[in-house]
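Residue numbers for the sequence shown, in the numbering used here: 957 to 1508.
For glycine and all other residues, C-beta sits at the position ideal for the given N, C-alpha and C.
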Amino acid sequence: MLRLLCVTGGILLIAGGISAHNAPIASGEQPLVQLKTSSENDSQSLIEVGLSLEESKHWGDAIHHYESGLRKHVGNATMKQRLLICRLHYDVMRRYQDPSFLQSIQETPTHQSLDLYAEMLSNIETHYVDGIDWTKIVRHGSASLEVALTEPAFIKHLLPNASPEAIESFRQNVHTHVIHRVVKSRHDLRATAAVVAGLAKDELGLVGTATVMEFACGALSALDTYSRFLTPGQLDETFSSIEGNFVGLGVELKAAGDRLMILSVIANGPAAQAGLVAGDAITRVAGTSTSEVNPDFAADLLRGPEGSMVEVAVVKADGTQRMVQVQRRRVDVPCVENVHIVDTDAGIGYLRLTNFQKTTTREIEKALWDLHRMGMKSLVIDVRGNPGGLLSAAVEVADRFLPSGRIVTTRGRNVRENFDYSAHRPNTWNVPLAVLIDSDSASASEIFAGAIHDHGRGRLVGEKSYGKGSVQGIFRMQTVKCGLCLTTAKFYSPSGLGISDRGVQPDVAVESTYIAARPNSKGEITLDRDDQVLQRAVQTIRSEARLSSLPR
């Protein structure tokens, strides 16, 4: 079993789905309730908007909406329930548009899928951060199967000849096969999944592996927001992201309605050489319109064997459209961008840290020396929009600026997850420092920002961070090629503050109105003077430099 510790927050807006009002509620959960107080009325309004998104079959948008609502109304049971249902629907839809998962379903016999389920449950029992409620886990498994039986992609691939009446009848009764069974251990869960798989085979002709996999994936959804099943393709993608390289076009994308917007293009990558630039929109990939599939699936189509070609339809900012043939190649993804002196008079350097991966320490060390040679006297590090990455990389970056003291503490149910990470590296960079954060700065970014803040090493400028204070282990399964992203610990800043649902507060609060500047396709950098957060950080550094130079 291969395991790697990550602290990554996923903040991706995506769309797709099926009507929420027909979605099953996990057995044992309470139905939607009517809220009455003034505070609850605000919650009710948010819930109604979420239900409208679900009714419009925009599960990804609903997920984003409920997550935002829960940051305002922490612990709201109804929002949490709706968020869970949205995630179940979206995850089923995503899996059954993933060729690697479909191939796995076809090639894995039922007995082997049951062994995989048992292996996953064993990992949960050993490594998960909190105590295990086996009853909740098995009921979430049946709820995942109920959701799958409403999803067109699932029915298309696995039940093309089953009547809608038979499918609905079985779906309505799935929970009855689970709710009365005794489940005191993971072995009981395996037996329950085997029984339901047999019934689904007899009544619908559903292959047993598909049933078992829904129980397996549902088990992870019962744990927390960040624990999830990784299909073979997603597992490879995860490790590619950690390594900082992948086979693709070399673009960063964001879902924008019925298209994929290009946020940035890696210099000298395939997309850059084909003439694609930031601001272009992709509306068709390999003959598939981005308006007809969910954005993740469209983005997946851009990947493929190294050296192969893919045709994309690109709409320029002026509305003109062209078809482009791009060769897929292995692309090294930089995590440090836009390294330059932002204020030459004061010698204020700037760099943007996009994520924390294996190459981060090497890249940031090179950037610091480059800035030093440019005349850097103080530094702004921008982690706005940085979703996280490797815990070790966050610790190593903080260690570059902290001469001593604790950086982060992790605590899990298993004592092997308990660590105290401290600064130990000699010859740290002692330049005055400001760190830019926003509501999308998550996880490893919060470890770095929290350590800088708690030690008084620099000033945090911007907005409160995301509030994702947990550590995930990536576990590669042995039974079948797939993986688990499993929450193994929670982390705490040097002052002992838990980050989950709280985030890191800035020293200087500035509302974010700007996305950090990025290199263009030629690797050239520009500074947008409308970036109020960056300008406030520059002002803060200059003001503190003036104060420190006054006679005492």
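Using CA coordinates, which residue listed in Arg1038, Ala1405, Asp1236, Arg1356 is at the minimum distance from Arg1340? If we check each option's Cα against that of Arg1340, Ala1405 comes out closest.
Between the segment 1182–1193 and the segment 1220–1235, can you find at least three pairs of beta-carbon atoms closer than 8 angstroms? no
Closest by C-alpha distance to Gly1361, when choosing among Thr1315, His1411, Pro1290: His1411
Take every Cβ of the segment 1087–1098, pair it with every Cβ of the segment 1133–1147, and state whether three or more of those distances are shorter than 8 angstroms. yes
Shortest alpha-carbon distance to Phe1110 belongs to which of Arg1369, Glu1170, Glu1352? When Arg1369, Glu1170, Glu1352 are compared, the shortest CA-CA separation from Phe1110 is found for Glu1170.
Indicate whether Met1265 and Gln1277 have their beta-carbon atoms separated by less than 8 angstroms. no
Can you grab the Cα-Cα spacing for the pair Asn1311 / Leu1219, in whole Å? 15 angstroms
Distance, Cα to Cα, Ala1158 vs Thr1064? Reading off the sequence, residue 1158 comes out as Asp, not Ala. Distance between the alpha carbons of Asp1158 and Thr1064: 19 angstroms.
Does DSSP put Val1163 in a helix, a strand or coil? coil
Does the distance from the C-beta atom of Val1436 to that of Leu1072 stay below 8 angstroms? Yes. Within cutoff.
Look at the alpha carbon of Pro1226 and the alpha carbon of Val1280, and state the distance between them as a whole number of angstroms. 11 angstroms
List the DSSP bridge partners of Met1433. Beta bridge pairing from DSSP links Met1433 with no other residue.
Going by the CB atoms, is the gap between Asn1374 and Thr1366 shorter than 8 angstroms? Against a cut-off of 8 angstroms, the Cβ pair of Asn1374 and Thr1366 comes out as a contact.
So who's on the other strand from Glu1208, going by DSSP bridges? Ser1220
Using a threshold of 8 angstroms, state whether the C-beta atoms of Glu1199 and Lys1314 are closer than that. yes
Do Val1085 and Thr1316 count as a contact pair if the criterion is CB distance below 8 angstroms? With respect to the 8 angstroms criterion, Thr1316 and Val1085 are not classified as neighbours on the basis of their beta carbons.
Check the C-beta distance from Pro1450 over to Ala1398 and give it rounded, since I have them as a contact under 8 angstroms. Not really, about 19 angstroms apart at Cβ, beyond 8 angstroms.
Compare the C-alpha of Ile1003 against each of His1021, Gly1016, Tyr1377 and name the closest. Measuring C-alpha to C-alpha distances from Ile1003 to each of His1021, Gly1016, Tyr1377 identifies His1021 as the nearest.
Hey, how far is the Cα of Phe1431 from the Cα of Leu1440? 5 angstroms
Buried or exposed for Gly1429, please, with buried defined as at least 16 other CB atoms from any protein chain shown within 10 angstroms of its CB. buried
Residues bridged to Thr1244 [DSSP beta-bridge criterion]: Val1241
Environment of Gln1037 [buried if 16+ CB atoms lie within 10 Å]: Counting Cβ neighbours within 10 Å, Gln1037 comes out buried, since at least 16 surround it.
Cα-Cα separation between Pro1382 and Leu1358, rounded to whole angstroms: 9 angstroms
Would you identify the three-state DSSP class for Met1332, choosing helix, strand or coil? coil
DSSP state of Gly1231, grouped into three classes? It is coil, neither helix nor strand.
Can you say whether Asp1047 is buried or exposed, counting buried as having 16 or more other CB atoms within 10 angstroms of its CB? buried
Counting C-beta neighbours from all protein chains within 10 Å, is the total for Pro1251 16 or more, i.e. buried, or is it exposed? buried
Please say whether Val1466 and Ala1390 have beta carbons closer to each other than 8 angstroms? no
Is the segment 1316–1325 close to the segment 1172–1184, with three or more CB pairs under 8 angstroms? Flag = no, the segment 1316–1325 and the segment 1172–1184 do not touch.
Where the beta strand (DSSP E) containing His1296 begins and where it ends: 1292–1299
Answer with buried or exposed for Ala1153, where buried requires no fewer than 16 other C-beta atoms within 10 angstroms of its C-beta. buried
Measure the C-alpha to C-alpha separation of Lys1272 and Met1217 and round it to an integer number of angstroms. 10 angstroms
State the beta-bridge partners of Arg1415 as determined by DSSP. Ala1390
Would you kindly check if the distance between the Cβ of Met1330 and the Cβ of Ile1297 is under 8 angstroms? yes
By how many angstroms is the C-alpha of Leu1258 removed from the C-alpha of Gly1204? 6 angstroms
What are the partner residues of Ala1042, as DSSP defines its beta bridges? It should be pointed out that residue 1042 corresponds to Cys in this sequence rather than to Ala. Answer is none; Cys1042 lacks a bridge partner.
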